[in-house]
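Below: one structure, written as structure tokens.
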Amino acid sequence: MERFIDLSLSAIMLAGLYATMAYGLGLIYGVLRVVNLAHGGVIMAGAYLGWVLFERWGIDPYLALPLVIVASFGLGILMYRLLVRHLPRGPAGGPASLLLLFGTWLVLRNVAYLLFTGNDQSIRTSYSTASVPFLGTYVSVNRLAVLGVAVILPILLQLLLKKTYTGRAIRAVAQNADSCTLVGVDVERIYALTFGIGTALAGVAGLLSATIFSFNPGFGSGELLKSFVVVVLGGLGSILGVGLAAFILAVVEVFAILVLPSYLTSAVGFVMLVLVLVLRPGGLFGHRVLG
Amino acid sequence: MRSRSTPTPCRSALLATLLLSLVAAAPRAAGAAAPTKVSLGATLPLTGAEARIGGFFKEGYELAVEEANQKGGLTVGGKKLPVTLSILDDTTTQATAVSLADRLVNSDGVDFLLGTYSSHLVEAQSTIGEQNRIPYVNGGGGATKIYKRGFKYLFGTIAPVELLGTTLMSWIDVQQKAGKLPRPAKIALLWENTAHGKDFRKGVSDFAAKSGGAYQISVDESFPLDGKDFSALLGKVKAANVDLFLADAHLPDYITMHRQYVAAGLCHKVVSYGARGSEKGAVDALGQENVNYVVSGVWWSAELGKKPGLAKAFVELFTSKHQGRKPEWFQALAYESARALFTAIEQAGSLDREAVRAKLAALKIPSMLPGGTLEFPASMGQQAQNPFVLQQNLPDRTSPIIFPPDAATGTGIAVNPRCPK
Amino acid sequence: MSAATPALVPLRVAAGFVVGVALLAVAPWILDFTPYSHNLVTLAFLLISGAVAWNWMGGFLGQVSFGHAALFGMGGFVSARLLLSGPVPAPLAWLVGGLVAGVFSLGAHPALRLRGPYFSIATIGLGESVRLIFTYWEDFTGGSSGLSLPIDPDMKHQLYWWGLGLAAIVVGMSWLMRHSTFGLQLLAIKADVDAAGDVGVSATFYQDLVFVLSGAVVGVSGGLYASYFSFIEPNDMFGFDRSIAFVLMTVIGGVGTILGPVLGAIVFVLLRQYLLASYPDLYLGLYGTLLIFIILFEPLGLAGLLGRLARLARSWRAPAAEGGTP
Amino acid sequence: MTAPLLSVRALSKSFGGLRALDAVDLELAAGEILGVIGPNGAGKTTLFSLIAGSLQPTSGQVHFEGRPVTGRAAHRLVRGGIVRTHQIVRPFANLTVLENVTVAALHGNRRADVPARYRAPRVLDFVGLADRAGQFPGLLTLAGRKRLELARALATIPRVLLLDEVIAGVNPTEAVALAALVRRIRDELGTSIIMIEHVMPAVMSLSDRVLVLDHGRKIAQGTPAEVVRDPGVIEAYLGTSTEATAP
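Chains as they are written, first to last, in my numbering: chain A, 11 to 301; chain B, 288 to 708; chain C, 2 to 327; chain D, 583 to 829.
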């Protein structure tokens with residue numbers, strides 16, 4: 011029983027982390043139909059930004075959230091205006107966008123390498139290793155905070171999408187970009203904004219990951235792969251699906267240790283990814299666009 | 288996409304041939320005139336996953352070369368020859384490590400090779416030394432299997448990781464015999480799935496198997512390099528209710544895993560992450576209070592320089608060059624590898640590769656490594672078998688050597704005082 | 002060069018091809034290669050074969066695979082295991098490795114009905130699960146410590162001609178595919194898989210066929226690679242970086258062209274050998290920048306760029322005659 | 583009349599809860615042109631997709647030359663002799679006009695006596711695109727692309743041709759020319775045709791019989807003259823739709 015509680019808590023904490031990593035990827039795909047392969051690079055950038063703010067100016071990572079959001083939003087707008095905008099739309103643009111954004115990721119990695127060298131870094135705050143007792147076991151305070159952000163983010167995102175004019179425009183563009191142009195929505199602007207919001211979410215994920223893991227310029231590839239799994243499970247482009255899918259992935263990965271050697275538990279996610287893509291291309295919960 | 292706009296086939300073939308000859312247009316190695324210098328080559332992971340350590344090895348190699356040149360070079364056949372060392376970046380990639388070593392030997396014409404860092408790169412790269420019959424001395428490939436291939440030109444100053452497991456268990460055994468640890472003691476053995484981790488596992492589990500039931504391995508799990516979430520694995524450790532927590536991990540995994548370990552409220556009578564534990568990076572990332580009493584085993588430690596001898600001289604040389612920074616085992620093994628090669632060259636009295644190889648095989652010199660002597664026993668595939676030293680982090684921010692007794696600079700504390708009774 | 006004309010190989014093309022291959026075959030003697038150049042060109046041949054075979058999927062069919070390392074590793078490990086098991090002639094081991102990799106690629110059959118980014122993501126998932134499983138599978142791959150083959154300098158020397166042979170066959174196959182009705186159908190599938198079905202092209206069949214062919218060639222090159230390096234390790238052979246290398250080489254060279262992957266592989270080797278060893282801090286960014294520029298400005302990569310230059314040179318020579326045609 | 587070339591029995595298709603096609607029967611005789619009309623969303627294109635194998639029916643059968651072909655994949659049906667065109671034309675943008683047709687000529691009816699590469703130019707000639715053979719489809723006008731779509735279908739030597747709005751959307755002159763082309767396909771090549779069309783004058787003049795669909799059901803069938811007089815049809819379709827009279 012205690013083991014079950016332990017594993018369940020691990021799964022919930024892990025789900026929080028996976029969800030924050032995947033929201034940005036899901037949003038961008040949902041609206042622009044572009045798979046942001048630079049997602050891992052933005053996560054890495056977010057981690058380093060948080061590290062710089064913490065090491066140089068002693069700003070706590072959670073207080074640095076707004077700064078990181080603004081900065082990675084800016085990075086996203088820049089990436090959209092300079093690069094993504096010039097891609098062909100439609101199915102032919104698929105491979106091209108993958109490669110373009112992969113190139114962007116490589117450049118980001120190189121920049122980080124030049125700025126910070128390849129050394130492993132980490133952020134250590136006073137609560138990095140603190141934990142609180144819960145149901146006979148311990149829960150990391152920091153992981154709880156990450157979970158909190160993972161729950162708050164989609165709520166804010168839904169509010170943004172449902173209550174604001176821009177949000178409604180984003181949803182409309184996600185449904186049908188052509189008719190939006192007809193009714194006077196500036197689709198280009200909406201695309202840029204969405205891309206910015208998506209990368210801002212990735213930046214947040216990077217910042218949060220940096221409080222848990224150590225990182226270097228190559229950081230983010232594992233995160234990108236997990237995000238893929240989550241977004242595909244949740245149905246590409248469905249925000250709430252992402253949250254649920256993160257939970258499912260985390261549960262499966264964590265509980266797999268009961269039947270599989272620990273080393274192979276990370277393969278479980280990839281196998282799920284392929285199975286879902288092949289059997290239920292719309293994701294586990296059916297295809298919804300920013301439902 | 289318009290696909291028909293490529294150049295005509297004839298021109299293409301010509302172009303491909305031209306480009307390929309560009310690939311082939313490497314300068315030819317200089318002929319065998321009378322040697323005016325000893326030229327050495329090495330690749331190191333200066334970028335990529337192992338970049339940090341690659342840099343440390345570079346420091347060690349460069350220090351050895353500078354030292355030799357300050358003395359006017361190496362005495363080869365009665366003449367003083369200066370030493371040059373060209374270091375290329377293998378980007379922590381096997382294929383690059385191999386082809387750059389090929390380039391060093393067959394294009395740049397180096398006389399001898401020094402090794403790169405980490406077992407999988409050394410295992411791949413040492414084939415070049417063997418193919419070209421050129422001595423290859425390394426301090427970065429500790430996996431025993433590298434030396435089980437019967438290579439004649441491969442020499443390792445780095446003792447097998449297996450010995451790390453054995454040394455760790457020997458210390459634990461002393462504590463158990465002194466009644467400080469329960470018998471049988473239950474072990475959680477976690478190892479990264481690399482040659483390094485596998486050797487560590489072998490050392491520990493062989494020792495446990497031969498102990499006549501004094502140790503019982505309750506958890507035996509591997510994890511991927513750069514694993515991220517260890518909570519499920521640590522949950523398994525927790526459920527197994529073990530006494531000893533013995534893991535083998537690279538630095539980033541150590542930091543990540545140990546944070547989760549502490550946050551999960553785990554505590555064991557002995558905690559070790561193999562070679563990790565005493566480095567400054569880890570202390571910074573985890574906090575002194577969280578790394579206290581962690582036991583680590585290393586090939587060499589600056590602590591050894593506290594007693595007079597070769598190690599002391601090396602530490603002083605290194606710290607004076609690097610503004611007071613202390614060397615770690617990486618620089619020491621790199622330095623010792625270069626020094627072993629230099630000694631063999633001087634003993635051979637020529638740059639003849641066969642002669643130097645023979646001298647290396649017969650080498651037996653005083654060394655700053657634990658054990659005091661460096662040799663490459665043929666029975667062990669020419670891999671040095673120097674013992675490890677165990678260090679333990681103490682709350683006063685020191686990490687004295689606690690084992691073996693002859694090298695010890697402090698006393699080990701066997702039951703981790705952090706754990707609640 | 003339209004497919005509607007008889008599909009015999011034009012004499013000019015055949016002659017150029019044969020002369021080129023023959024030149025390369027005797028080049029080690031004529032140009033007096035150093036052992037290093039010899040090995041480097043051998044490596045280039047292996048990479049060329051892999052890149053060209055990737056291009057059949059990624060360029061001709063438009064299915065961008067991020068998982069070809071799985072096939073490369075499969076070929077490498079099967080042939081290494083065979084070579085270690087007893088006196089098996091190396092070419093046979095490579096061939097078997099290739100065949101197994103070809104059959105193994107059929108494991109991706111269910112993913113082949115996915116298109117565009119969905120297919121690419123699925124191949125990432127497949128590639129990574131294969132890597133993890135094979136790294137764990139000690140008995141076959143030697144686990145994380147890999148497999149060592151006996152050192153054989155003669156074999157490594159001969160690999161030059163084996164590699165050249167493989168590359169020549171593969172480039173020849175590319176040409177035939179491109180200029181036959183077979184290639185026309187691949188292009189039709191690439192353009193619109195449903196419309197292709199509506200005129201009778203069986204997308205499933207052709208995708209499977211091309212994937213098997215591509216897998217087999219990549220597998221054979223994996224086997225040659227194992228013999229070349231004498232040591233292979235699953236994390237490297239099956240690694241994501243290797244899958245990416247196939248993509249990079251082909252895209253930089255020119256995706257969907259015949260010459261592109263060849264150029265790309267050569268540039269890849271050149272960059273790694275001469276630039277990266279001296280300017281290690283810049284190589285990722287260099288690849289990244291190349292990729293970005295190619296996608297935005299020259300989708301046909303270096304091959305397209307050369308085509309452009311050739312046309313420019315021609316219109317320069319005859320400015321009056323045919324100005325204005327695209 | 584002899585046994586029909588194509589017969590459809592109680593063909594149905596549901597998407598989730600929506601019944602897109604509900605137990606539709608039809609028969610097509612050799613050399614016949616059957617028009618299919620109905621308001622938007624009546625299930626016309628679904629009917630085509632089911633017959634041509636692009637979609638799997640929920641229930642019902644399709645027989646071709648007396649043999650069951652229900653649910654067979656599109657590319658296999660093409661070889662048997664059933665081929666469709668699309669309302670929104672889908673040329674292979676990366677192939678020339680001639681190559682577009684050549685791809686189609688490679689497959690299709692096995693009884694073809696002329697090799698594909700000789701057949702393709704003839705087909706282009708037949709539809710009037712011979713002078714565009716080397717161009718890429720992007721340079722063609724809409725009418726040109728519709729001709730290409732027809733050529734591609736014809737290159738497979740179909741016995742049954744399913745035409746989805748080949749005439750709609752082009753200017754009146756071209757509409758007349760395309761209608762003439764459809765008639766020539768039947769008259770000169772002997773191909774049986776089912777055509778979905780919104781352009782009423784064209785349907786009424788070309789079709790031997792007309793089938794009317796509404797909300798997935800067949801509500802009428804008969805000669806053009808009979809159908810136009812059918813009160814159900816007038817109510818469901820002609821009476822309410824403005825498209826009926828639009829060109």
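From the three backbone atoms N, C-alpha and C, an ideal C-beta is built for every residue, glycine too.
If you check each beta-carbon in the stretch 173-193 of chain C against every beta-carbon of chain D, the ones closer than 8 Å belong to Thr-182, Leu-185, Gln-186, Leu-188, Ala-189, Lys-191, Ala-192 and Asp-193.
When C-beta distances to chain B are compared with 9 Å, the residues of the stretch 23-52 of chain C below that value are Leu-24, Leu-25, Ala-28, Pro-29, Leu-32, Asp-33, Phe-34, Thr-35, Pro-36, Tyr-37, Ser-38, His-39, Asn-40, Leu-41, Val-42, Leu-44, Ala-45, Phe-46 and Ile-49, in chain order. Using a CB distance below 8 Å, the part of the stretch 522-534 of chain B facing chain A consists of Gly-522, Lys-523, Lys-525 and Ala-526, ordered along the chain.
By the Cβ criterion, the stretch 205-222 of chain C is in contact with the stretch 100-114 of chain C, since at least three pairs of Cβ atoms, one from each stretch, lie closer than 8 Å.
At a cut-off of 8 Å, the C-beta of Lys-432 (chain B) has a neighbouring C-beta in chain C. Between Pro-719 (chain D) and Leu-730 (chain D), the gap from beta carbon to beta carbon is short of 8 Å. Residue range 423-425 is occupied by the beta strand (DSSP E) that includes Asn-425 (chain B). By the CB criterion at 8 Å, Val-214 (chain A) and Ile-79 (chain A) fall inside the cutoff. Around Glu-410 (chain B), the beta-carbon contacts reaching into chain C at under 9 Å are Ser-146, Gly-147, Ser-149, Phe-232 and Glu-234. Proximity of Arg-13 (chain A) to chain B, defined by a Cβ-Cβ separation below 8 Å, is satisfied. For the C-beta of Arg-273 (chain C), the chain B residues within less than 7 Å are, from N- to C-terminus, Thr-383. Per DSSP, the unbroken alpha helix (DSSP H) holding Arg-179 (chain C) starts and ends at 154-179. For Leu-610 (chain D), the pairing in a beta bridge is given by DSSP as D:Leu-588.
Cβ contact annotation for Gly-305 (chain C) (same chain, cutoff 6 Å, sequence separation greater than five): Gly-255 and Glu-299, in chain order. By the Cβ rule, the stretch 595-603 of chain B does not count as touching the stretch 572-585 of chain B, because fewer than three pairs are nearer than 8 Å. Here Gly-230 (chain A) is not near Thr-334 (chain B), since their CB atoms are 8 Å or more apart. Separation of the CB atoms of Ile-125 (chain C) and Gly-68 (chain C) is rounded to 6 Å, and the pair is thereby assigned contact status at 8 Å.
Here Val-27 (chain C) is exposed. Its C-beta has fewer than 16 other C-beta atoms within 10 Å. Put simply, the stretch 508-527 of chain B does not touch the stretch 442-461 of chain B. Fewer than three CB pairs are less than 8 Å apart.
Proximity to Gln-638 (chain D) across D:Ala-655, D:Thr-627 and D:Thr-723 peaks at D:Ala-655, based on C-alpha coordinates. Within the stretch 625-636 of chain D, Ala-634, Gly-635 and Ser-636 place their CB atoms closer than 9 Å to a CB of chain C, listed in sequence order. At the C-beta level, Ile-778 (chain D) and Thr-627 (chain D) come within 8 Å of one another. In the DSSP annotation of this structure, Leu-333 (chain B) is not part of any alpha helix (DSSP H), being labelled neither H nor E. Beyond the five residues adjoining it in sequence on each side, Leu-145 (chain A) comes within less than 6 Å, by CB distance, of Ile-15 in the same chain, given in chain order. Using beta-carbon distances, Asn-480 (chain B) counts as an interface residue toward chain A, with a partner under 8 Å.
The beta carbon of Pro-674 (chain B) sits no closer than 8 Å to any beta carbon of chain C.
Taking Gly-726 (chain D) as the centre and dropping the five residues before and after it, the same chain places no C-beta closer than 6 Å to its C-beta. At least one beta carbon of chain C lies nearer than 8 Å to the beta carbon of Leu-688 (chain D).
Cβ-Cβ distances below 7 Å link Leu-63 (chain A) to Ile-69, Ala-74 and Leu-77 in the same chain, with the five nearest sequence neighbours on each side left out; the list follows chain order.
By the rule that beta-carbons nearer than 8 Å mark a contact, Ile-267 (chain C) touches chain B.
Per DSSP, Pro-235 (chain C) is one residue of the alpha helix (DSSP H) stretching across 235-238.
Of all residues in the stretch 639-667 of chain D, the ones placed with a Cβ closer than 9 Å to any Cβ belonging to chain C are Ala-655, Ala-656, His-657, Arg-658, Leu-659, Val-660, Arg-661, Val-665, Arg-666 and Thr-667, in chain order. Taken through DSSP and simplified to helix, strand or coil, Glu-299 (chain C) comes out as coil. Within the same chain, Leu-170 and Leu-171 come within 7 Å of Gly-177 (chain A) by CB-CB distance, once the 5 residues on both sides are set aside.
According to DSSP, Pro-650 (chain D) shares a beta bridge with D:His-645. Within the model, the alpha-carbon separation for Gly-117 (chain C) versus Val-65 (chain C) is close to 7 Å.
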